Amino acid sequence: QPAISIRDLVKRYAPPKGESEGKLALNGVSFDVPQGQIFGLLGPNGAGKSTLINILAGLVTKTSGSAEIWGFDIDRQRRNASRAIGIVPQEIVFDPFFTPFEVLENQGGFYGIAKHLRRSEELLAAVHLADKRDAYARTLSGGMKRRLLVAKAMVHSPPILVLDEPTAGVDVELRRQLWELVTDLNKEGVTIVLTTHYLEEAEELCDRIAIINHGECIADKPTRELVGMA
Ligand code: ADP
Ligand code: ADP
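Residue numbers (UniProt numbering): 4 to 233.
What follows is the structure, encoded as structure tokens:
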């Protein structure tokens with residue numbers, strides 16, 4: 004069974020006021036994400052990558068088609084589908100006066116995880132933030148905040164982690180850190196999906212790449228086959 008299975012996914016946004024047709028962001032996308040892989044969703048700005056991630060996250064409703072996460076239908080089995088996936092959003096959103104430890108504890112509470120079963124300390128160590136446990140979020144560097152976002156997405160121990168443009172606009176050093184974090188998690192068995200518009204990033208990190216352009220999936224191959232084509 005694939006980690007994620009997407010079939011004929013279509014998204015047409017509601018038309019802006021005064022116009023009759025909304026934007027067609029996804030025009031029938033299908034692909035499978037195999038378990039255990041690092042899967043790259045590669046495409047230029049406006050291709051439809053965020054729309055697809057937001058549909059999986061339950062933040063945007065699809066127009067038609069279907070998707071399963073870990074075998075759970077994103078509409079009919081939404082709760083189970085949501086519990087199988089952790090999403091690292093593009094935007095960094097933390098209350099400035101919460102600490103990394105509190106951010107993870109709150110998220111654990113949100114998922115109804117009993118206090119003694121939470122793994123906040125372990126997660127902070129995994130993203131190299133153990134020494135920032137009790138610092139206010141506003142004092143963290145951009146890189147630390149991004150690593151905290153990854154830890155937050157892993158609080159409920161999902162088998163799949165999705166990162167939306169994790170390295171857009173970040174410097175080389177931080178990009179390296181994030182790549183290492185992603186590969187570490189993958190080695191522990193987490194299936195990774197990341198969107199990017201950097202070909203080199205997809206090539207270096209991903210086992211398999213799907214290319215999205217104008218809302219269509221124009222390629223879906225193991226990375227070495229794709230690179231061989233170029
Ligand atoms: P990407 O993440 O690949 O840059 P997006 O999924 O953000 O692509 O956007 C795909 C298309 O859908 C773009 O043309 C974008 O302008 C449009 N779009 C994205 N979000 C919305 C929205 N909330 N309402 C209307 N159109 C949108
Ligand atoms: P930032 O870029 O957020 O300022 P730092 O560079 O201060 O983060 O990182 C703190 C420490 O943690 C550094 O010594 C850095 O090398 C280490 N570190 C950060 N991320 C990783 C990682 N993924 N793997 C190993 N070490 C890391």
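Even glycine gets a Cβ: it sits at the ideal position worked out from N, Cα and C.
None of these values were measured; they are calculated from a predicted model.
Extent of the continuous alpha helix (DSSP H) to which residue i belongs
i	result
threonine 186	175-190
asparagine 57	52-60
phenylalanine 113	103-113
glutamate 203	202-208
Residue i beta carbon near ligand 1 (any heavy atom closer than 6 Å)
i	result
serine 53	yes
residue 239	Examination of residue 239 is not possible in this model, given that the chain is present from 4 through 233 alone.
asparagine 48	yes
lysine 190	no
lysine 148	no
tyrosine 16	yes
lysine 65	no
lysine 26	yes
Residue i vs residue j beta-carbon contact at 7 Å
i	j	result
leucine 12	valine 36	no
glycine 46	isoleucine 214	yes
arginine 10	serine 69	yes
glutamate 191	glutamine 93	no
isoleucine 163	isoleucine 58	no
leucine 151	proline 225	no
glycine 115	glutamine 4	no
alanine 154	leucine 126	yes
valine 175	glutamate 206	no
Residue i: first and last residue of the uninterrupted beta strand (DSSP E) it sits in
i	result
arginine 211	211-216
histidine 219	The question names histidine, but residue 219 is glutamate in the sequence shown. It spans 219-225 - the beta strand (DSSP E) in which glutamate 219 sits, taken as one unbroken run.
Chain B contact for residue i (CB, 7 Å cutoff)
i	result
isoleucine 7	Among the chains in the structure shown there is no chain B, since it carries only a single protein chain.
Cβ-Cβ separation, residue j to residue i (assumed contact under 8 Å), whole Å
i	j	result
cysteine 220	phenylalanine 97	About 34 Å separates the two Cβ atoms, so there is no contact after all.
glycine 49	leucine 197	About 18 Å separates the two Cβ atoms, so there is no contact after all.
Bridge partners - residue i, DSSP secondary structure assignment
i	result
valine 36	Ile7
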